[in-house]
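Just below is one structure, and these are the notes that go with it.
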Amino acid sequence: MLERKYGGIKARTAALTIQRAFRRYMLLKKFAAITAMAKAEKRLSRRLHMSSHQAVSETVRKRQYRVGLNLFNKKPERGITYLIRRGFLENSPQGVAKFLISRKGLSKQMIGEYLGNLQNPFNMAVLECFSQEMDLSDMQVDMALRKFQTYFRMPGEAQKIERLMEVFGQRYCQCNGDVIVGFRSPDTVFVLAFAIIMLNTDLHTPNLKSERRMRLEDFVKNLRGIDDGADIDRDILVGIYERVKSNEFKAGSDHVTQVMKVQSTIVGKKPNMALPHRRLVCYCRLYEIPDIFKKERPGVHQREVFLFNDLLVITKILSKKKSSVTYTFRQSFPLCVYQFGIRLSQRVDGKVLMTFNARNEHDRCKFAEDLRESISEMDEMENLRIDAELERQKSGRGGRNGAENRDSGVADVEVCPFIQSGFSHTSDNYAESEGDHPLSETVLKRSALSNSLLDIHEQCE
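Mapping of the sequence shown onto the UniProt record's numbering: residues 1 to 461, in sequence order.
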């Protein structure tokens, strides 16, 4: 413009200089934008990586915590040690006591076993702290004892019960100083609590005949002179007897309670499900496929599947009412038979090729990780080979029929995988054009995929 307006070499040189400067400015501006975008993507990628790593770490931590609970519900001392070493639990009697009272997933039976371990000084210290966590103020002895026992199931050995009642008596005296003033001996509460436990057992043992159960007069008679030679007020003992008779002492509900409810709804020969370490993970309704190559109408072979942390149970509905459902036991599969088991199976039909058992967990994890990575690598190589082959066939056909479709705006072919009953068969892809060409001319034949398990991934998606 300068050159046209003013003419001459100077104007032309000035115009070129301005143009170069403007182009340089625009290039630098674009480069700065690209650089800023790259940095933003890098920061986002770093955050996503950290977030993914944190998510994986959180998943691992949750799994470790569940393992600790499982260990406790099998061997309490071992479970506590595991949880302390993994940092889930404070290594102190106070920390363990609070954990036993507040956390879910712990078997009440195993809590009782842990607190009743008389040979372990640490356990006895936990028991002392355990009782200190409870407020038993302004409660009758039997009501306070009922509250105390809801946190665990009373062990069967007399020595363990005696120690538990001794600790309970001490805590009750601390919380109810005004009541204790009326007793001559501080041991009176301990003796009375022990007698209440025996009464509860006698009145609520299922197999004991009614004529052999303890009567009120027997209970009162047995407790004569327990208060340092004096008797406890009869009205107090009558109230205790009536309350225990009408309402059995029971531990609070836990995960085993839910498992027992499931077990009660299943009829037929079945394994014992109500174990301290077993918990229900999920319930799902599925439909069994006896033969993946045979088309079935939807909704047949309905199965009710209960997944526990160590067992998979398959059932079938036997009867269904408004208030309850009864199931027929079909099969169960233990999730842990060989401790370090490895099973190789085909993804297409699930056929088991071979089963191994590694020497240890490290060998199993390393082998499985390497195997998965190798298969993934070969999957990628095979996918590239298949894509190239399809592109070659498509290009060859396009050369023959290009004139017919050049201006139609319609693609030469439409690749449609054959799908039946939710099972995607990818051995051959059928391609049919929109025109009237014979089917034989429009099929893109996919060559045989692989001689190993490389084609399995797509069919399992």
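Even glycine gets a Cβ: it sits at the ideal position worked out from N, Cα and C.
When we look at the beta-carbon of residue i and count the other beta-carbons within 10 Å, is it buried (16 or more) or exposed?
i, result
"G169", "buried"
"Y172", "buried"
"Y151", "buried"
"G79", "buried"
"R285", "exposed"
"Y287", "exposed"
"V267", "exposed"
"P298", "exposed"
"K445", "Because the pLDDT at K445 is just 40, under 50, the model does not fix this residue reliably, and the value given afterwards should be weighed accordingly. Exposed, since its Cβ has fewer than 16 Cβ neighbours within 10 Å."
"A158", "exposed"
"D142", "buried"
"R63", "exposed"
"I18", "exposed"
"Y25", "exposed"
"M260", "exposed"
"R406", "Caution applies to R406, whose pLDDT of 42 falls short of 50 and renders its modelled position unreliable; the model cannot decide the point."
"L16", "exposed"
"D233", "exposed"
"P93", "buried"
"residue 463", "Lying outside 1 to 461, the shown extent of the chain, residue 463 is not represented and no answer is given."
For residue i and residue j, I'd like the C-alpha separation in whole angstroms.
i, j, result
"G396", "D379", "26 Å"
"P326", "E304", "For clarity, residue 326 is Thr in the given sequence; the question names Pro instead. About 11 Å."
"I34", "R43", "14 Å"
"K394", "Q331", "50 Å"
"L136", "C175", "6 Å"
"V415", "Y82", "Its pLDDT being 34, under 50, V415 is placed unreliably in this model, and the coordinates cannot settle the point."
"K75", "V67", "12 Å"
"C121", "E128", "It is Pro, not Cys, that sits at residue 121 in the sequence shown. Straight-line Cα distance between these residues: approximately 11 Å."
"E133", "A144", "13 Å"
"E296", "N360", "43 Å"
"F423", "E382", "Unreliable placement is indicated for F423, whose pLDDT of 34 sits below 50; no coordinate value is reported for it."
"A274", "R86", "28 Å"
"Q263", "N272", "8 Å"
"F72", "K104", "12 Å"
"V352", "S345", "4 Å"
"G156", "G95", "26 Å"
"I84", "S376", "38 Å"
"L28", "M37", "14 Å"
"A32", "K39", "10 Å"
"Y241", "G225", "18 Å"
"Y114", "F183", "32 Å"
"R20", "I386", "49 Å"
Using DSSP's beta-bridge definition, name the partner residues of residue i.
i, result
"V325", "K320"
"E382", "In the DSSP output, where bridge partners are listed per residue, E382 has none listed."
"T315", "E304, F329"
"S345", "V352"
"A97", "Answer is none; A97 lacks a bridge partner."
"A230", "D227"
"V267", "T328"
Following the continuous alpha helix (DSSP H) through residue i, name the residue where it begins and the one where it ends.
i, result
"Y172", "158 to 175"
"K221", "216 to 222"
"G112", "108 to 115"
"N123", "121 to 132"
"M198", "188 to 204"
"P76", "76 to 85"
"L145", "141 to 149"
"residue 462", "Within the shown structure, residues of the chain are numbered from 1 to 461, placing residue 462 beyond reach of any answer."
What does a CB cutoff of less than 7 Å around residue i pick up in its chain, not counting 5 residues either side in sequence?
i, result
"F249", "R146, Q149, N200"
"K108", "F152, R153, A251, G252, D254"
"L318", "V267, T326, Y327, T328"
"P186", "C173, I180"
"L237", "F219, V220, L223"
"V244", "D142, I196, L199, N200, L203"
"M214", "L199, D202, L203"
Starting from residue i, follow the beta strand (DSSP E) in both directions and report where the run begins and ends.
i, result
"Y287", "280 to 287"
Tell me which residues share the same chain as residue i and place their Cβ nearer than 6 Å to its Cβ, disregarding the 5 neighbours each side in the sequence.
i, result
"K270", "F329"
"I180", "C173"
"G229", "none"
"Q258", "L280"
"D218", "none"
"Y65", "F88"
"I314", "R303, V305, R330, Q331"
"F190", "M165, E166, G169"
"F194", "M165"
"N117", "N123"
"D178", "none"
"Y283", "F306"
Excluding the 5 residues preceding and the 5 following residue i in the sequence, name in chain order all residues of the same chain whose CB lies nearer than 8 Å to its CB.
i, result
"P276", "N73, K74, S107, Q109, M110, V256"
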